[in-house]
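Asks: According to UniProt numbering, the sequence shown holds residues 1 to 248 in order. Here a beta-carbon is modelled for each residue, glycine too, at the ideal position from N, C-alpha and C.
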Amino acid sequence: MSKRIKCTLSYDGTHFSGYQIQPGKRTVQGELERVLEQMHKGKAIRATASGRTDAGVHAYGQVIHFDTFLSLSADQWKKALNAQLPDDIVIKDVQEADPSFHARFSAKAKEYRYKVRIAQERDVFLRNYCYHYPYPLDMEAMRRALRLMEGTHDFTSFCSAKTDIDDRIRTIYQADMAVDQEMLEFRLIGNGFLYNMVRIIVGTILEVGQGKRSADSISTILEAKDRRYAGPTAPPQGLYLWKVYYDN
1 MSKRIKCTLS
11 YDGTHFSGYQ
21 IQPGKRTVQG
31 ELERVLEQMH
41 KGKAIRATAS
51 GRTDAGVHAY
61 GQVIHFDTFL
71 SLSADQWKKA
81 LNAQLPDDIV
91 IKDVQEADPS
101 FHARFSAKAK
111 EYRYKVRIAQ
121 ERDVFLRNYC
131 YHYPYPLDME
141 AMRRALRLME
151 GTHDFTSFCS
161 AKTDIDDRIR
171 TIYQADMAVD
181 QEMLEFRLIG
191 NGFLYNMVRI
201 IVGTILEVGQ
211 GKRSADSIST
221 ILEAKDRRYA
231 GPTAPPQGLY
241 LWKVYYDN
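Shown next as structure tokens:
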């Protein structure tokens, strides 16, 4: 009898071409499905995620599901998968889920975090895990701008022009940031995010911090519904899919 398994995992996105499987490229989904196929004696098993992450983007709490006919406990699944997966993927939690559970469609909200290092000198050991941005920043103006992101808006201005999704209305429940010495961390929780949305928000807020645009300009950018009004897309290495929220 088939069972649905839910896994929460972390991965270092540095050496991946993103989550989604792509021919000839190393992906998180490709590594997961390779191990699952081995465990199922050559039968292809699909690992469905809460959402895709791009090349270089990390995950602290990505969630996937897959269906299996193997009779293993949650602890056995965790040990078996971690024993065979590469070092840059770790399974943190395994649960048997209801057959109706879907990693993507059952999600109620997602939390992304973006790390910016604001020290003057580059740190060679952190270059793949944060965005180095050594410029003076007005933190209070950035916080005001972030608060204007909260609520339900059409985020067309804050998504890639390549986005093929017509419905671009999303709700941001929380948009804030914290500073810990030389590290600035943005935190965004919402019911969904468009392609490059978090990275464009961060790129725009950093321009507010530099005084290149005002905090109040966020409302104008949202109303414009035009990508050209927003700031640059911040690089991928600072972005983390932090947590996916479900009803239980």
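Answer yes or no: do Y60 and Y173 have a C-beta to C-beta separation smaller than 8 Å?
Replies: no
Asks: Name the DSSP bridge partner or partners of V63?
Replies: T8
Asks: Look at the Cβ atom of T233, then the Cβ atom of R199, and state whether they are nearer than 8 Å.
Replies: yes
Asks: Kindly indicate which three-state DSSP category residue 249 falls into: helix, strand or coil?
Replies: Because residue 249 is not part of the residues shown, which for the chain are 1 to 248, the question remains open.
Asks: Quick check on the DSSP output: the alpha helix (DSSP H) that includes G203 runs from which residue to which?
Replies: Here the alpha helix (DSSP H) through G203 covers M197 to Q210.
Asks: According to the Cβ coordinates, are Q120 and P134 closer than 8 Å?
Replies: yes
Asks: Which residues bound the beta strand (DSSP E) around T53?
Replies: Counting along the chain, T53 falls outside any beta strand (DSSP E), and DSSP gives it neither H nor E.
Asks: Which of helix, strand or coil does DSSP assign to M149?
Replies: helix
Asks: Would D154 and L222 qualify as a contact pair, given that the criterion is a beta-carbon distance under 8 Å?
Replies: yes
Asks: Pop quiz: T14 and G56 are said to be a contact at Cβ under 8 Å. What is the actual Cβ separation, rounded to whole angstroms?
Replies: 6 Å
Asks: How many angstroms separate the CA atom of Q181 from the CA atom of I64?
Replies: 34 Å
Asks: Buried or exposed for M177, going by 16 or more other Cβ atoms inside 10 Å?
Replies: buried
Asks: Can you tell me which of the three DSSP states Y229 falls into?
Replies: helix
Asks: Considering only their Cβ atoms, is the gap separating D87 from T8 smaller than 8 Å?
Replies: no
Asks: Give the DSSP bridge partners of V179, in chain order.
Replies: L184
Asks: Name the residue from D54, L148, S214 and F66 whose alpha carbon lies nearest to the alpha carbon of K25.
Replies: D54
Asks: Less than 8 Å between the beta carbons of Y11 and Q62, yes or no?
Replies: It is a contact, given that the beta carbons lie within the stated cut-off.
Asks: Using 8 Å as the threshold, is the C-beta distance between V28 and Q84 below it?
Replies: no
Asks: For I45, count neighbouring Cβ atoms within 10 angstroms of its own Cβ and tell me buried if that reaches 16, exposed if not.
Replies: buried
Asks: From E150 to Y245, what does the alpha carbon distance come to, in whole angstroms?
Replies: 18 Å
Asks: Would you mind sorting V208 into buried or exposed? The rule is 16 or more other CB atoms within 10 Å of its CB.
Replies: buried
Asks: Just verifying my parser: in three-state terms, what is the DSSP assignment at H102?
Replies: coil
Asks: Apart from the five residues on each side of it in sequence, which residues of its chain come closer than 6 Å, Cβ to Cβ, to I91?
Replies: C7, L9, K78, L81 and N82
Asks: Locate the alpha helix (DSSP H) running through D75, then write down its first and last residues.
Replies: A74 to Q84
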